[in-house]
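Undergrad:
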Amino acid sequence: LLLSSHCLALERLRWVELRRPRIDRNLRVCRFCRTEIESPEHALLECTAELELVQLRQDFFARMRNDLPGLPSLNSMPTARFFTHMIAYRETIALVAKFAYEVTQFFEATPIYVPPLPLD
Numbered sequence: 001l002l003l004s005s006h007c008l009a010l011e012r013l014r015w016v017e018l019r020r021p022r023i024d025r026n027l028r029v030c031r032f033c034r035t036e037i038e039s040p041e042h043a044l045l046e047c048t049a050e051l052e053l054v055q056l057r058q059d060f061f062a063r064m065r066n067d068l069p070g071l072p073s074l075n076s077m078p079t080a081r082f083f084t085h086m087i088a089y090r091e092t093i094a095l096v097a098k099f100a101y102e103v104t105q106f107f108e109a110t111p112i113y114v115p116p117l118p119l120d
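All residue numbers for the sequence shown refer to the working numbering, where the first residue is 1 and numbers rise by one.
1. Quick one: any contact between the region 15 to 33 and the region 60 to 70, if contact means 3 or more CB pairs under 8 Å?
2. When you compare only the Cα positions, how much space is there between Leu13 and Pro40?
3. Keeping to the same chain, check which residues put their C-beta closer than 8 Å to that of Val29; ignore five residues upstream and five downstream.
4. Check whether the Cβ atoms of Thr92 and Asp67 sit closer than 8 Å, and answer yes or no.
5. Pull up the distance between the alpha-carbon of Asn75 and that of Leu45, whole angstroms please.
6. Could you pull the DSSP bridge partners for Ile37 from this structure?
7. For Phe82 and Arg31, what's the separation of their Cα atoms in angstroms?
8. Please say whether Cys7 and Phe107 have beta carbons closer to each other than 8 Å?
9. State the Cα-Cα distance for the pair Glu102 and Met86, rounded to the nearest angstrom.
10. Rounded to the nearest angstrom, what separates Ala94 and Thr110 at their Cα positions?
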């Protein structure tokens with residue numbers, strides 16, 4: 001996720017694939033909510049369109065608060081900064097990696113949303 005090689009629309013729809021052109025960034029929306037760009041930050045921390053995803057996130061935050069009681073609230077800073085903050089502590093790196101894997105698996109289980117393409 002950190003190196004931009006992932007299954008999320010932000011990355012995947014930059015590629016030309018099977019006669020499908022590259023999709024503009026603003027159209028690479030989430031396969032679940034279809035309102036926000038499907039970025040790592042959105043997938044891990046923001047999307048609320050799927051109950052299972054929300055539950056994964058709640059369980060993750062409960063474990064994070066247990067391991068790192070001083071963890072600031074997600075609402076206390078921009079999402080991208082919070083994401084960076086989560087991996088800044090040695091104690092939480094394995095937990096964040098496991099959570100990122102679980103979320104990635106969840107997203108991979110549903111086909112990516114490809115917006116309708118204009119007819120030329």
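Glycine included, every Cβ here is placed at the ideal spot set by N, Cα and C.
Since this is a predicted model, take the numbers as computed values, not measurements.
TA: Result, derived from the coordinates:
1. Under the 8 Å Cβ criterion, the region 15 to 33 does not count as touching the region 60 to 70, having fewer than three qualifying pairs.
2. Looking at the two C-alpha atoms, the distance is approximately 14 Å.
3. If we look at Val29 and ignore the five residues flanking it on each side, its Cβ neighbours are Ala9, Thr35, Glu36, Ile37, Glu38, Tyr113, Pro115.
4. Their beta carbons are under 8 Å apart, which means Thr92 touches Asp67 by this criterion.
5. Roughly 10 Å between the two C-alpha positions.
6. Partner(s): Val29.
7. Distance between the alpha carbons of Phe82 and Arg31 is about 23 Å.
8. Taking 8 Å as the Cβ cut-off, Phe107 and Cys7 qualify as a contacting pair.
9. The straight-line gap separating the alpha-carbon atoms of Glu102 and Met86 is approximately 16 Å.
10. If I take the Cα positions, the gap works out to 25 Å.
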